[in-house]
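Step one of this worksheet: look at the structure below.
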C-alpha cells in the first residue's frame, strides 16, 4: 500500500520565494505571500507591526470615521485538502484584556468581506471567542478569501474593531 504525503517546499535550504515574501506550504505545492497594509486615506494610516499584522495610527480626537476603521488588520493563511468534511472550525478570533484594565464587555463577530461568504459562518464559541466555520465542502484547487471582524463594545458604545483577513488555499488533492 502506498502512502502519499505532502512535501513541505518551504523548509528546504534554498529559498523558494523572493526576498520580502513568506512561503506558505500547501497540499502539493506552495504559495509566496506578502501581506500589505491598506493605503491610508485622509487622516488615516496604517503601520506594519509584524509581517502579518497592521495597526492603525492613532486617530485625531474629532474623527469618528477614522475610529470606525479597523484598529488592527491581521493576515492568516490556511492550507486545506480538497473535499474536507464539513462543518469544521478553521479559525478562532478572541480578545485578551490587559491585566488591571477592564476589557470590552461585549463583542460582536461577523464576516465582513472576501470572495466566498456563502461557504462560511462566524459563530461565537464563548464570551470572548468567535469561530470561522467552513460549512460547504470545497473542491480544489482554489483560493478563497474571507474577512472576519471582531467589534468591541463597552456599555453598548463602540470601542474598536479588528479584522482578520483569512486566505484559504484549497489543494487539488485530498491529503
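Numbering (UniProt numbering), first residue to last: 1 to 175. Each residue gets a CB set at the ideal place from its N, CA and C atoms; glycine is no exception.
Whole-angstrom C-beta distance between residue 86 and residue 136, which should lie under 8 Å
Going by Cβ atoms, the distance from residue 136 to residue 86 rounds to 6 Å, so yes, they are a contact pair.
Using the C-alpha atoms, what's the distance from residue 167 back to residue 112?
14 Å
Kindly provide the ranges of any beta strand (DSSP E) runs that are 3 or more residues long and lie completely inside the segment 130 to 162, ordered along the chain.
142 to 154
Just to confirm, is the Cβ distance from residue 34 to residue 22 under 8 Å?
yes
Quick one: residues in its chain with C-beta nearer than 7 Å to the C-beta of residue 141, no 5 flanking neighbours on either side, listed in chain order?
170, 171 and 172
Ends of the beta strand (DSSP E) at residue 117?
Premise fails: residue 117 is in no beta strand (DSSP E) and is neither H nor E.
Just to confirm, is the Cβ distance from residue 24 to residue 46 under 8 Å?
no
Extent of the continuous alpha helix (DSSP H) to which residue 176 belongs:
Since the first residue of the chain shown is 1 and the last is 175, residue 176 is not available in this structure.
Candidates 150, 156 and 155, of which the one nearest residue 164 by Cα
Of the candidates 150, 156 and 155, the residue whose Cα lies closest to the Cα of residue 164 is 150.
Out of curiosity, what's the CA-to-CA distance linking residue 10 and residue 62?
Rounded to whole angstroms, the gap between the alpha carbons of residue 10 and residue 62 is 47 Å.
Determine the burial state of residue 51: buried for a count of at least 16 other Cβ atoms within 10 Å of its Cβ, exposed for fewer.
exposed
Going along the chain, which residues of its own chain have a beta-carbon closer than 8 Å to the beta-carbon of residue 20, five neighbours each way excluded?
34
Is it buried or exposed for residue 161, if we count other Cβ within 10 angstroms and need 16 for buried?
Within a 10 Å sphere around the beta-carbon of residue 161 sit 16 or more other beta-carbons, which makes this residue buried.
Neighbourhood of residue 83 by C-beta, 7 Å cutoff - its chain only, sequence neighbours within 5 removed:
137, 139 and 174
Count the other CB atoms, across all protein chains shown, that sit within 10 Å of the CB of residue 36; report buried if there are 16 or more and exposed otherwise.
exposed
Locate the beta strand (DSSP E) running through residue 48, then write down its first and last residues.
46 to 50
So which of 147, 40, 143 and 79 has the shortest CA-CA distance to residue 8?
It is 79 whose Cα lies nearest to the Cα of residue 8.
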